[in-house]
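S.K.: Pasting a structure here, questions to come.
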Amino acid sequence: MSSPLTSPEGKPPRIAIREAGRHAGESVEIAGWLYNLRRGGKICFPQLRDGTGILQCVAVKSALPEALFETLKDLTQESSLIVRGRIRAEQRAPGGYEMDVEDAEVVQRVPESDPYPITPKEHGIDFLMDHRHLWLRSRRQHAALAVRHEVIRGIRDYFDSNGFVLVDTPIFTPAACEGTSTLFEVNYFDDEKVYLTQSGQLYNEATCAAFGKTYCFGPTFRAERSKTRRHLTEFWMVEPEMAYATLEDVKRVGEELICFVIGRVLERRREELKVLERDAAKLEAVKAPFHRMSYDDAVKKLQSKGSGIQWGGDFGNTDETLLTDDVDRPIMVDRYPASVKAFYFQPDPERPELALGVDFIAPEGYGEVIGGGQRIHDLDLLLKRLDEHKLPREAFDWYIDLRKFGSVPHAGFGMGVERFVAWMCGLEHIRETIAFPRMLYRTRP
RNA sequence: UCCUCAGUAGCUCAAUGGUAGAGCAUUCGGCUGUUAACCGAAGGGUUGUAGGUUCGAGUCCUACCUGAGGAGCCA
Numbered sequence: 026m027s028s029p030l031t032s033p034e035g036k037p038p039r040i041a042i043r044e045a046g047r048h049a050g051e052s053v054e055i056a057g058w059l060y061n062l063r064r065g066g067k068i069c070f071p072q073l074r075d076g077t078g079i080l081q082c083v084a085v086k087s088a089l090p091e092a093l094f095e096t097l098k099d100l101t102q103e104s105s106l107i108v109r110g111r112i113r114a115e116q117r118a119p120g121g122y123e124m125d126v127e128d129a130e131v132v133q134r135v136p137e138s139d140p141y142p143i144t145p146k147e148h149g150i151d152f153l154m155d156h157r158h159l160w161l162r163s164r165r166q167h168a169a170l171a172v173r174h175e176v177i178r179g180i181r182d183y184f185d186s187n188g189f190v191l192v193d194t195p196i197f198t199p200a201a202c203e204g205t206s207t208l209f210e211v212n213y214f215d216d217e218k219v220y221l222t223q224s225g226q227l228y229n230e231a232t233c234a235a236f237g238k239t240y241c242f243g244p245t246f247r248a249e250r251s252k253t254r255r256h257l258t259e260f261w262m263v264e265p266e267m268a269y270a271t272l273e274d275v276k277r278v279g280e281e282l283i284c285f286v287i288g289r290v291l292e293r294r295r296e297e298l299k300v301l302e303r304d305a306a307k308l309e310a311v312k313a314p315f316h317r318m319s320y321d322d323a324v325k326k327l328q329s330k331g332s333g334i335q336w337g338g339d340f341g342n343t344d345e346t347l348l349t350d351d352v353d354r355p356i357m358v359d360r361y362p363a364s365v366k367a368f369y370f371q372p373d374p375e376r377p378e379l380a381l382g383v384d385f386i387a388p389e390g391y392g393e394v395i396g397g398g399q400r401i402h403d404l405d406l407l408l409k410r411l412d413e414h415k416l417p418r419e420a421f422d423w424y425i426d427l428r429k430f431g432s433v434p435h436a437g438f439g440m441g442v443e444r445f446v447a448w449m450c451g452l453e454h455i456r457e458t459i460a461f462p463r464m465l466y467r468t469r470p
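Numbering (the working numbering), first residue to last: 26 to 470.
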């Protein structure tokens, strides 16, 4: 694989550091930033990163023009530069390869009067979040975002190769699908108020009747005053919806999706998992079939483990962690009390007080990564539910239409990308799974 | 919204109510194989803000500001 960037004529070819091993013995060019520099009086070791990896270079005073050696020796952290030289296998170098520098040009030297703030030593989270735009260059952050990229690509590949059509849904929405307290309100020209979407699901129910199987994938917004390691106010969600589908289809597709994406991460992002010190065996253990459990049984299991939960209540985070502390793969908990679920869930025909919904609770305390279920397809039942939830029919006129014109059983789910990535990476906090997290008290940088 | 904790050098942190310190970073010097390199020296402070108690406050009290962790709610 060659680098997308080309070198000037007469210069050695530019390569990505990731490919350095294939160019042992060759003269090449690398364009990057100074990651670290160790120096002696007559030798120095600039380490370069270029976004694909880190490569140690060696500059020996006696082998170079004096000005070039002095320039390299006095480089400052994160200065941008292009180096040329020969790649050589070297056991003493991190990564096993090294470049003997023959030539270099500094693109921009960071002045020592205003040095790069993130040093190789430890920093507090507040400082790092304030410097998020620079923190992204650090190895762990870089690795987490690379895993995120792989997760997103895996999700798209899974749906695209299984007959789903990507139909994205609007960000501006006219009304709430649940309570307005968690919606961000936006002025939409003169007198109109619109809201940032919380979910594309209602629209997905329309698109799946056009295409059979669809998914939307985009940012969603929740104005919840949540201040925990699992919450962002802006996060990405993928939401498939399937016509002629039931709760069982949701379980099957969700299980397949998770296994597929984990397989991709394990196949393509081993190095990043290593940087993150993520125990890959924990991910390798996640295989179908997942555990299946009714809400009834989940409540019983929790009570036997000492939780104070009563039948009819929703699970808190401690409940989710308790529920999964003895399993190595997700638990699919289904048939919740209708009262804790949204108005659009299809009731269980055998026990109408239950909703045909399912939550996938990930192990290791990562909590709910998928939530979904079967939607109401009967017109009269939908109207009844809207009334019960005191939702105005006018606002849902188009949604009601879907039950008038060829209504069929249909089902779908939503998966939160950041929570999933946090699980893959073994991260304590969801904020490291997105480049610029938006949280209750943080909207900068 | 509620509960808990924390704000001291650019960063990470020390400092019985009694002279504000260390490591890293920066500057200068030394070192031809460093691995968060090492060795020597220098500069660097309105202790988050405003009050209060005290002979004396970084330390105790009150309020506020900022941040972190958690609860509820959720993906």
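Cβ coordinates follow ideal geometry from the N, Cα and C atoms, glycine included.
1. Nearest CA to the CA of Gln399: which residue from Glu264, Ala367, Ile107, Thr271?
2. Please go through the segment 157-244 and give each complete beta strand (DSSP E) segment of 3 or more residues, from N-terminal end onward.
3. Return helix, strand or coil for Ile395, following the three-state DSSP convention.
4. I'd like to check one pair, Leu348 with Leu327: are the Cβ atoms closer than 8 Å?
5. Tell me which residues share the same chain as Glu453 and place their Cβ nearer than 7 Å to its Cβ, disregarding the 5 neighbours each side in the sequence.
6. Going by DSSP, which residues form a beta bridge with Ala387?
7. Does the distance from the CB of Arg63 to the CB of Ser104 come in under 8 Å?
8. When burial is assigned at 16 or more other CB atoms within 10 Å of the CB, is Asn212 buried or exposed?
9. Look at Ile112 and Ala45 and say whether their C-beta atoms are less than 8 Å apart.
10. One question on the structure: do Gln226 and Leu208 come within less than 8 Å of each other, judged by their Cβ atoms?
11. With distances taken Cα to Cα, identify the nearest neighbour of Ala169 among Tyr466, Gly149, Gly65, Cys450.
12. Going by DSSP, name the residue or residues bridged to Ala56.
13. Does the separation of the CB atoms of Arg164 and Val300 fall below 8 Å?
14. Nearest to Gly237 by CA position, among Thr458, Val446, His435, Glu457, is which residue?
15. Output the distance between the C-alpha atoms of Phe197 and Arg47, rounded to the nearest integer angstrom.
16. Within this structure, are the beta carbons of Ile287 and Met318 separated by less than 8 Å?
17. What are the boundary residues of the alpha helix (DSSP H) that includes Arg134?
18. Mapping the DSSP letters down to three states, classify Glu457 as helix, strand or coil.
19. For the alpha helix (DSSP H) containing Phe152, list its first residue and its last residue.
20. Here's the rule I'm using: 16 or more other beta-carbon atoms within 10 Å means buried, otherwise exposed. How should Asn342 be labelled?
21. Hey, would you say Ala387 sits closer than 8 Å to Trp336, going by beta carbons?
22. Check whether the Cβ atoms of Ala41 and Tyr122 lie closer than 8 Å to each other.
23. How should Ser313 be labelled, buried or exposed, when 16 other C-beta atoms within 10 angstroms of its C-beta is the threshold for buried?
24. Under three-state DSSP, which class holds Ala118?
25. For Asp471, which residues in the same chain have their Cβ closer than 7 Å to its Cβ, ignoring the five residues on either side in sequence?
26. By a C-beta neighbour count over all protein chains shown, 10 Å radius and 16 as the cutoff for buried, is Gly76 buried or exposed?
27. Mind checking which residues open and close the beta strand (DSSP E) that includes Gly441?
28. Could you pull the start and end residues of the beta strand (DSSP E) that Phe94 belongs to?
29. Could you pull out every residue in the same chain whose Cβ sits closer than 7 Å to the Cβ of Arg467, ignoring the five residues on either side in sequence?
30. What does Tyr269 pair with, by DSSP beta-bridge criteria?
31. So, helix, strand or coil for Trp261, using DSSP?
32. DSSP puts Cys69 in a beta bridge; with which residues?
M.R.: The structure says:
1. If you number the first sequence from 1, residue 399 lands on position 374. Residue Thr271 is the option with its Cα nearest to Gln399.
2. 210-213, 217-221
3. The count along the first sequence starts at 1 and reaches residue 395 at position 370. DSSP places Ile395 in strand when its eight states are reduced to three.
4. Numbered from its first residue, the first sequence carries residue 327 at position 302. Numbered from its first residue, the first sequence carries residue 348 at position 323. Here Leu327 is near Leu348, since their CB atoms are less than 8 Å apart.
5. Start at 1 with the first residue of the first sequence, and residue 453 comes out as number 428. Cβ within range, chain order: Arg254.
6. Translated into positions along the first sequence, residue 387 becomes position 362. The partner list for Ala387 (beta bridge, DSSP) reads Gly392.
7. One-based indexing of the first sequence puts residue 63 at position 38. One-based indexing of the first sequence puts residue 104 at position 79. For Arg63 and Ser104, no; Cβs fall outside 8 Å.
8. As a position in the first sequence, residue 212 is number 187, starting the count at 1. By the neighbour-count rule (16 or more Cβ atoms within 10 Å), Asn212 is not buried but exposed.
9. The residue labelled residue 112 in the question sits at position 87 within the first sequence. The residue labelled residue 45 in the question sits at position 20 within the first sequence. Yes, the pair counts as a contact, with Cβ atoms nearer than the cut-off.
10. Position 201 of the first sequence, counted from the start, is the residue given in the question as residue 226. Position 183 of the first sequence, counted from the start, is the residue given in the question as residue 208. Remark: C-beta atoms of Gln226 and Leu208 do not approach each other more closely than 8 Å.
11. Taking the first sequence and counting its residues from 1, one reaches residue 169 at position 144. Answer by Cα proximity: Cys450.
12. Counted from its first residue, the first sequence places residue 56 at position 31. The partner list for Ala56 (beta bridge, DSSP) reads Ile107.
13. Here residue 164 is taken as the residue at index 139 of the first sequence, counted from 1. Here residue 300 is taken as the residue at index 275 of the first sequence, counted from 1. Against a cut-off of 8 Å, the Cβ pair of Val300 and Arg164 comes out as a contact.
14. As a working note, residue 237 is residue 212 in the first sequence. Measuring from the Cα of Gly237, the nearest candidate turns out to be His435.
15. Working through the first sequence from its first residue, we reach residue 197 at position 172. Working through the first sequence from its first residue, we reach residue 47 at position 22. The alpha-carbon atoms of Phe197 and Arg47 are separated by roughly 49 Å.
16. As a first step, residue 287 must be located in the first sequence, where it is residue number 262. As a first step, residue 318 must be located in the first sequence, where it is residue number 293. Not in contact: Ile287 and Met318 (Cβ atoms no closer than 8 Å).
17. Residue 134 sits at position 109 when you count from the first residue of the first sequence. Unbroken run through Arg134: none, as it is neither H nor E.
18. Counting from 1 along the first sequence, the entry for residue 457 is found at position 432. Looking at Glu457 - three-state DSSP - the assignment turns out to be helix.
19. Residue 152 sits at position 127 when you count from the first residue of the first sequence. Per DSSP, Phe152 belongs to the alpha helix (DSSP H) from 150-155.
20. Counted from its first residue, the first sequence places residue 342 at position 317. It counts as exposed.
21. Here residue 387 refers to the residue found at position 362 when the first sequence is read from its first residue. Here residue 336 refers to the residue found at position 311 when the first sequence is read from its first residue. No; because the gap between Cβ atoms is not below 8 Å, this pair is not in contact.
22. Your numbering for residue 41 matches position 16 in the first sequence. Your numbering for residue 122 matches position 97 in the first sequence. No; because the gap between Cβ atoms is not below 8 Å, this pair is not in contact.
23. As a working note, residue 313 is residue 288 in the first sequence. This sequence places Ala at residue 313; Ser is not what is there. Counting Cβ neighbours within 10 Å, Ala313 comes out exposed, since fewer than 16 surround it.
24. Locating residue 118 in the first sequence gives position 93, counting from the first residue. In the structure shown, Ala118 sits in coil (DSSP, three-state: anything other than H, G, I, E or B).
25. Here the chain comprises residues numbered 26 to 470, so residue 471 is not present and cannot be evaluated.
26. Locating residue 76 in the first sequence gives position 51, where the first residue counts as 1. The residue is exposed, with fewer than 16 neighbouring Cβ atoms inside 10 Å.
27. The residue you call residue 441 lines up with position 416 of the first sequence. Run containing Gly441: 435-441, per the beta strand (DSSP E) assignment.
28. Position 69 of the first sequence, counted from the first residue, corresponds to residue 94. Element bounds for Phe94: not the beta strand (DSSP E) but the alpha helix (DSSP H), 91-98.
29. Taking the first residue of the first sequence as 1, we reach residue 467 at position 442. Here the set comprises Met154.
30. Taking the first residue of the first sequence as 1, we reach residue 269 at position 244. The partner list for Tyr269 (beta bridge, DSSP) is empty, contrary to what the question assumes.
31. The residue given as residue 261 occupies position 236 in the first sequence. Three-state result, Trp261: strand.
32. Taking the first sequence and counting its residues from 1, one reaches residue 69 at position 44. DSSP, once it has assigned bridges, lists Arg64, Ala84 as partnering Cys69.
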